[in-house]
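This report refers to the structure that appears directly beneath it.
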Amino acid sequence: MKIIIIGNGAAGIAAAESVKKKDTSISITMISNEKHPHYSRPRVIEFLSGKVTREQIIIRKKEFYDTNGINLLYPVSVKRIDVVAKTVDLDNGSVEKYDKLIIAAGAYSFIPPVEGSKNPGVFALRTIDDAESIMGYSKDKKTAAVIGGGLLGIEAAISLTARGLQTTVVEFFDRLLPRQLDKDGAAILRAMLETKGLKFMLPKTAVSIAPSGDSLTVNFKDNTSLTAGLVMFSSGIRCNLKIIDGTGIASDKGIKINNFMETNIPDVYACGDITEYNGMNYGIWPAAREQGTAAGLNAAGEKTEYKGSVMSAKLKVAGIDLGSMGNIEADAQTKTFTKQSEGIFKRVFIKDGKLSGAILLGDTADYQKLQEIMKKGGTVANPEELV
Ligand SMILES: Cc1cc2nc3c(=O)[nH]c(=O)nc-3n(C[C@H](O)[C@H](O)[C@H](O)COP(=O)(O)OP(=O)(O)OC[C@H]3O[C@@H](n4cnc5c(N)ncnc54)[C@H](O)[C@@H]3O)c2cc1C
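Each residue of the sequence shown is one higher than the one before, starting from 960 at the first, in the numbering used here.
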């Protein structure tokens, strides 16, 4: 049997590893349009800061593929999938035949349709190559504007600061990390980050970007503006759906998958950032790996049910520990329990007696414990003891 995996990111590599774990005799061809073997996308941020080299963020070196009998074709792009002939056409002219296909082609950085966003000096950050372009361009710059105050935007801003650029984060919402923090948590994080040199403008809506000398001026809807040496968008992701044009593979935001990572087309599976599972596009590394593992096992013939991933994030932002999980918006039915002390903010969200979300700022020691409670989903007897 031959399995083709499109994409060599977290989902693709997890799929390949689980296929080989199940049955080493299955032939695997992986196709990637990037010129590097599998690397840590989250660590592209560190690479941008200059603290680690490109080699240090490569997770699977070329030898891994050779040792495991995985045929890695790169850099080459899949142009077209034919689900009837069971082939994929590559942009180097070759055609690869499959018995099972796993689509793990990920996502791209979304740049909103802001006038002037194609100007030189405007970037987004997804790949090692993006980081290298930003590093090259920023050499003689002193300031940067990051549009988007989500996790990636804040982390990228810190990396740009580490490169010596005075960086301002611009956010459309009235608070930072709107997906991970509520208003109180966001205000505390903002104050912590300001002490580390970051500047913020929010809520602001960018409407155009215009060259001004060797800088760029970002104009906002409220007639204010910000001039910076370079502009980086961090405005979310969109699935790489172009790859399934004309195939009949069902999609909405992402490729629709069931609990077995199957698409609506026989022998075609999907996993990772390109998917939509129960209406949810996770866009996070652990979910991509979990889906990839399930896709690989199912494609290899071991029926394995995927029951969803916990939407969570645990990281260090500028040395500040941050953990967030579940739903952090409190509606009328949600009770919150909070503990706050110098540099620490912990809040849990309880809905229908169950843990529905949590914010841990400054101390993430309970992250794992809370995640397990949330996964189990039972009634919490003493919620005040969770903070
Ligand atoms: C800078 C950054 C920081 C992040 N930090 C975190 C973090 O701290 N924690 C966290 O949980 N998540 C983080 N994420 C998100 C996480 O990296 C992604 O969820 C994860 O990498 C998704 O893996 P994937 O394999 O689904 O997709 P991808 O990693 O996007 O891999 C898909 C691969 O398929 C290739 N491909 C696409 N189309 C084609 C084609 N037509 N032909 C051939 N190849 C193709 C792509 O080029 C890519 O290499 C971060 C993301 C970024 C960009």
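Backbone N, C-alpha and C fix where the C-beta goes; we use that ideal spot for every residue, glycine too.
Just so you know, these numbers come straight off a predicted model, no measurement behind them.
- Between the C-alpha atoms of L1060 and I1208 there is a straight-line separation of about 12 angstroms.
- Between ligand 1 and the CB of I1004, the shortest heavy atom gap is smaller than 6 angstroms.
- Note that the C-beta distance between I963 and Y1057 is below 7 angstroms.
- A Cβ-Cβ distance of about 5 angstroms is found for the pair K979 and N1027, placing them in contact under the 8 angstroms criterion.
- Of all alpha-carbon atoms in L1281, Q1250, N1257 and I965, the one lying nearest the alpha-carbon of K1266 is that of Q1250.
- Cα atoms of N967 and M1270: separation of roughly 22 angstroms, rounded to the nearest angstrom.
- Distances from the alpha-carbon of L1124 to those of K1077, K1328, Y1096 and D1141 put Y1096 closest.
- Of the residues G1144, D1181, S1171 and A1116, the one whose Cα lies closest to the Cα of K1158 is A1116.
- If you check the CB distance, L1185 and A1104 come in under 7 angstroms.
- DSSP places E1235 inside the beta strand (DSSP E), whose first and last residues are T1234 to Y1236.
- If you draw a straight line from the Cα of G1285 to the Cα of I1203, it comes to about 31 angstroms.
- Residue environment analysis places E1264 among the exposed positions, since fewer than 16 neighbouring C-beta atoms fall within 10 angstroms of its C-beta.
- In this structure, P1225 sits away from F1296, with a CB-CB distance that is not shorter than 7 angstroms.
- Straight through space, the alpha carbons of P1170 and S1268 are spaced by roughly 43 angstroms.
- Two segments are said to touch when three or more pairs of C-beta atoms, one from each, lie closer than 8 angstroms; by this definition the stretch 1218-1233 touches the stretch 1187-1207.
- The three-state secondary structure of M1220, taken from DSSP, is coil.
- Counting only runs of at least 4 residues, the stretch 990-1052 fully encloses the following alpha helix (DSSP H) elements, listed from N- to C-terminal order: 1003-1008 and 1021-1026.
- Distances taken from the Cβ of A969 to the heavy atoms of ligand 1 include one shorter than 6 angstroms.
- Around the beta-carbon of R1248, 16 or more other beta-carbon atoms lie within 10 Å, marking it buried.
- In the DSSP assignment, L1175 falls within the beta strand (DSSP E) that extends over S1174 to F1179.
- In its chain, beyond the 5 residues on either side, I1062, I1208, A1209, I1214, K1215, I1216, Y1228 and A1229 have a beta carbon closer than 8 angstroms to the beta carbon of T1222.
- Rounded to the nearest angstrom, the gap between the Cα atoms of S1068 and P1162 is 21 angstroms.
- In terms of CA proximity to G1238, D1211 leads the group D1211, M1220, N1257 and T1252.
- Within 6 angstroms of the C-beta of R1122 there is not a single heavy atom belonging to ligand 1.
- Using a Cβ-Cβ distance cut-off of 8 angstroms, the stretch 1308-1325 and the stretch 1030-1050 are not in contact, since fewer than three pairs of beta carbons, one from each stretch, lie closer than that value.
- Residues F1304 and L1320 of the same chain have their beta carbon placed closer than 7 angstroms to that of I1147, with the five preceding and five following residues left out of the count.
- With the rule of 3 Cβ pairs closer than 8 angstroms, the stretch 1173-1193 does not count as touching the stretch 1009-1025.
- Three or more Cβ pairs closer than 8 angstroms define a contact, and the stretch 1275-1294 meets that threshold against the stretch 1315-1331.
- Per DSSP, the unbroken beta strand (DSSP E) holding M1191 starts and ends at L1189 to F1192.
- In the structure shown, the three-state DSSP call for E1055 is strand.
- Spanning the alpha carbons of R1134 and K1142 requires a straight line of approximately 6 angstroms.
- Looking at G1188, L1314 and K1045, the one whose alpha-carbon comes closest to that of E1344 is L1314.
- Taking 6 angstroms as the cut-off, the C-beta of D1232 counts as close to a heavy atom of ligand 1.
- Between the C-alpha atoms of P1072 and E1130 there is a straight-line separation of about 16 angstroms.
- With respect to the C-alpha of S1174, the residue from D1099, E1114, I972 and R1149 having the closest C-alpha is D1099.
- Taking the Cα of N1030 as reference, the smallest distance to any Cα among S991, N1257, A1090 and G1242 is reached at S991.
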